[in-house]
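Everything in the sequence shown is counted per my numbering, starting at 3 for the first residue and increasing by one. Where is the CB? At the ideal position from N, CA and C, for every residue including glycine. Worksheet for the structure shown next.
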Amino acid sequence: VHGGMNRSRPEDRADATALVRELRRQLDALGGRTHRHYLLTVATPAGTWQQGGAYSVGDSYDLAALAQAADWLNVMTYDMNNIFSPVTGFNTPLGADPRDAAPAPQRSRDNLTSAVGYYESQGVPASKIMLGMAF
Numbered sequence: 003v004h005g006g007m008n009r010s011r012p013e014d015r016a017d018a019t020a021l022v023r024e025l026r027r028q029l030d031a032l033g034g035r036t037h038r039h040y041l042l043t044v045a046t047p048a049g050t051w052q053q054g055g056a057y058s059v060g061d062s063y064d065l066a067a068l069a070q071a072a073d074w075l076n077v078m079t080y081d082m083n084n085i086f087s088p089v090t091g092f093n094t095p096l097g098a099d100p101r102d103a104a105p106a107p108q109r110s111r112d113n114l115t116s117a118v119g120y121y122e123s124q125g126v127p128a129s130k131i132m133l134g135m136a137f
């Protein structure tokens, strides 16, 4: 996992995918014995600003691979403007706001519309995107 306050290793991205795939395999095996489908969901970030500055979710997660193994991805859109943001802003803006005081790249990306578009561009089907939103 890249960004934020945690230390990261180059293999963390692949390890996260391997963990989710193994969980899916084990849940499917259990489901074969119990004749049930067990849901597997993954909470993933949406914001593009972390402690170290600009951040890309794709640096930390293979979103297409996670979507193949999980029933859906819970995209955490309630942290778009957080403690790491250079200015105060809405937690879950629907779209970019030209009046936003954030730097242009962050302003154009840190919103719900952009986050969903990014996930889709990374190979995640819209049917597997679940939004976690502030209210």
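Hey, how far is the Cα of residue i from the Cα of residue j?
{"i": "P107", "j": "L75", "result": "24 Å"}
{"i": "T50", "j": "P105", "result": "12 Å"}
{"i": "R35", "j": "Q28", "result": "11 Å"}
{"i": "V44", "j": "M135", "result": "15 Å"}
{"i": "A20", "j": "D102", "result": "39 Å"}
{"i": "A98", "j": "Y57", "result": "17 Å"}
{"i": "G85", "j": "E13", "result": "The question names Gly, but residue 85 in the sequence shown is Ile. Distance between the alpha carbons of I85 and E13 is about 27 Å."}
{"i": "A128", "j": "E24", "result": "24 Å"}
{"i": "G124", "j": "R15", "result": "Note on residue identity: the sequence assigns Gln, not Gly, to residue 124. So the two alpha carbons sit approximately 15 Å from each other."}
{"i": "A48", "j": "T79", "result": "5 Å"}
{"i": "S110", "j": "R38", "result": "42 Å"}
{"i": "Y40", "j": "K130", "result": "15 Å"}
{"i": "F137", "j": "V59", "result": "23 Å"}
{"i": "R11", "j": "P100", "result": "36 Å"}
{"i": "T115", "j": "D30", "result": "33 Å"}
{"i": "R119", "j": "Y63", "result": "As written in the sequence, residue 119 is Gly, which differs from the Arg given in the question. Going from the Cα of G119 to the Cα of Y63 covers about 16 Å."}
Measure the Cβ-Cβ separation of residue i and residue j and say whether it is below 8 Å.
{"i": "T90", "j": "M82", "result": "no"}
{"i": "L96", "j": "N113", "result": "yes"}
{"i": "V77", "j": "A117", "result": "yes"}
{"i": "L65", "j": "V126", "result": "yes"}
{"i": "L42", "j": "A72", "result": "yes"}
Identify every residue that forms a DSSP beta bridge with residue i.
{"i": "L133", "result": "V77"}
What residue range is occupied by the uninterrupted beta strand (DSSP E) comprising residue i?
{"i": "V44", "result": "T43 to P47"}
Kindly indicate the opening and closing residues of the alpha helix (DSSP H) around residue i.
{"i": "Y121", "result": "L114 to S123"}
{"i": "T36", "result": "D14 to T36"}
{"i": "G60", "result": "V59 to S62"}
{"i": "L68", "result": "L65 to A71"}
Would you please verify whether the beta carbon of residue i is less than 8 Å from any beta carbon of chain D?
{"i": "G119", "result": "The chain inventory of the structure shown lacks chain D, comprising one protein chain alone."}
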